[in-house]
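Visitor: Quick one: the structure is below, and I'll ask about it shortly.
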Amino acid sequence: MKKFLLFFLFLAAGRSIISQTRIFNIDGVYYDVKGNVFSGHYKEYDGKGTLVLEIPVKDGLLEGQVIYYYPNGKMKELRTYSQGILNGVWMEWDEEGNKIAEASYSMGLKDGKWYIWDKKGNLRIDMTYKKGKRIGIWRYFDENGKEIDSKVYSEE
5 MKKFLLFFLF LAAGRSIISQ TRIFNIDGVY YDVKGNVFSG HYKEYDGKGT
55 LVLEIPVKDG LLEGQVIYYY PNGKMKELRT YSQGILNGVW MEWDEEGNKI
105 AEASYSMGLK DGKWYIWDKK GNLRIDMTYK KGKRIGIWRY FDENGKEIDS
155 KVYSEE
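Structure representation (structure tokens):
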């Protein structure tokens, strides 16, 4: 009897993980299935019950860190939003968990340092933006870390 109850509890818990609130994005605003503006922490799972997406929503708009996952459970991408607009850090990883990109946004515009790495962890591009425009010295590196090119952008 105990085994049956334990099995039933696991079955019920598994169903609650896979069954989830459905939300829809219409022109950047999130709604539930009844058409109400959604607020809350939404998690989306694939058909196997693996977490693929987490999004925080406040008053229908993305607010906080949106996280995408690979099927193996490792983080794929992290984006930071404020009132539905990219604002803050954005990072991306490969399937092995190596960081391959890091960037910064300010109210939807590229702003700050941006880095791109190859799958071996070598920095390949170092660049800077200010209010969506390229600025400063952009540096490009080969697979051994040697600078192979650079370009200077002025703050016009």
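Under the numbering used here, think of the first position of the sequence shown as 5, with each following residue one higher.
C-beta atoms are modelled at their ideal positions from N, C-alpha and C, and glycine is treated no differently.
Any idea what DSSP makes of residue 132, helix, strand or coil?
Guide: Taking the sequence shown and counting its residues from 1, one reaches residue 132 at position 128. Looking at residue 132 - three-state DSSP - the assignment turns out to be strand.
Visitor: Tell me which residues share the same chain as residue 134 and place their Cβ nearer than 7 Å to its Cβ, disregarding the 5 neighbours each side in the sequence.
Guide: Counting from 1 along the sequence shown, the entry for residue 134 is found at position 130. Taken in chain order, the residues that qualify are 115 and 159.
Visitor: Let me confirm a value: residue 83 is counted as buried when at least 16 other C-beta atoms fall within 10 Å, else exposed. Which label applies?
Guide: The residue you call residue 83 lines up with position 79 of the sequence shown. Buried is the call here.
Visitor: Would you identify the three-state DSSP class for residue 102, choosing helix, strand or coil?
Guide: Along the sequence shown, read from residue 1 onward, the residue named residue 102 stands at position 98. Here residue 102 sits in coil by DSSP.
Visitor: Look up residue 29 in the DSSP assignment and say whether it is helix, strand or coil.
Guide: The residue labelled residue 29 in the question sits at position 25 within the sequence shown. Of the three classes helix, strand and coil, the one that applies to residue 29 here is strand, per DSSP.
Visitor: Residues bridged to residue 41 by DSSP?
Guide: Along the sequence shown, read from residue 1 onward, the residue named residue 41 stands at position 37. 35, per the DSSP bridge assignment.
Visitor: Give the DSSP bridge partners of residue 160, in chain order.
Guide: Against the sequence shown, residue 160 aligns to sequence position 156. BP columns for residue 160 are empty, so no partner.
Visitor: Per DSSP, which residues does residue 93 bridge with? Please list them.
Guide: Locating residue 93 in the sequence shown gives position 89, where the first residue counts as 1. Answer is 108, bridged to residue 93.
Visitor: Since I believe residue 86 is in contact with residue 61 (beta carbons under 8 Å), could you give me their beta-carbon distance rounded to a whole number of angstroms?
Guide: In the sequence shown, counting from the first residue as 1, residue 61 sits at position 57. In the sequence shown, counting from the first residue as 1, residue 86 sits at position 82. In fact, because the Cβ distance is near 12 Å, the residues do not count as touching under 8 Å.
Visitor: So is residue 51 buried or exposed if we call it buried at 16+ other beta carbons inside 10 Å?
Guide: For the purposes of this step, residue 51 is identified with residue 47 of the sequence shown, where counting begins at 1. Exposed.
Visitor: Check this for me: beta carbons of residue 131 and residue 121, under 9 Å apart or not?
Guide: To locate residue 131, count along the sequence shown from 1; it is residue 127. To locate residue 121, count along the sequence shown from 1; it is residue 117. No, Cβ-Cβ distance for residue 131 and residue 121 is not below 9 Å.
Visitor: Rounded to the nearest angstrom, how far is the Cβ of residue 65 from that of residue 88, given a contact under 8 Å?
Guide: Residue mapping note: residue 65 aligns to position 61 of the sequence shown, counting from 1. Residue mapping note: residue 88 aligns to position 84 of the sequence shown, counting from 1. Yes, they are in contact, since the Cβ atoms of residue 65 and residue 88 sit about 3 Å apart, within 8 Å.
Visitor: What did DSSP end up calling residue 60 once you bin it into helix, strand or coil?
Guide: For the purposes of this step, residue 60 is identified with residue 56 of the sequence shown, where counting begins at 1. In the structure shown, residue 60 sits in a strand (DSSP, three-state: E or B).
Visitor: Would you check if the distance between the CB atom of residue 137 and the CB atom of residue 98 is smaller than 9 Å?
Guide: Taking the first residue of the sequence shown as position 1, residue 137 is located at position 133. Taking the first residue of the sequence shown as position 1, residue 98 is located at position 94. Not a contact, by the Cβ cut-off of 9 Å.
Visitor: With a 10 Å radius around its C-beta and 16 neighbouring C-beta atoms as the bar for buried, classify residue 91 as buried or exposed.
Guide: Counting from one through the sequence shown, the residue named residue 91 turns up at place 87. Counting Cβ neighbours within 10 Å, residue 91 comes out buried, since at least 16 surround it.
Visitor: Go ahead and label residue 59 buried or exposed: buried means 16 or more other beta carbons lie within 10 angstroms of its beta carbon, across all protein chains shown.
Guide: Along the sequence shown, read from residue 1 onward, the residue named residue 59 stands at position 55. Buried, by the Cβ-count rule.
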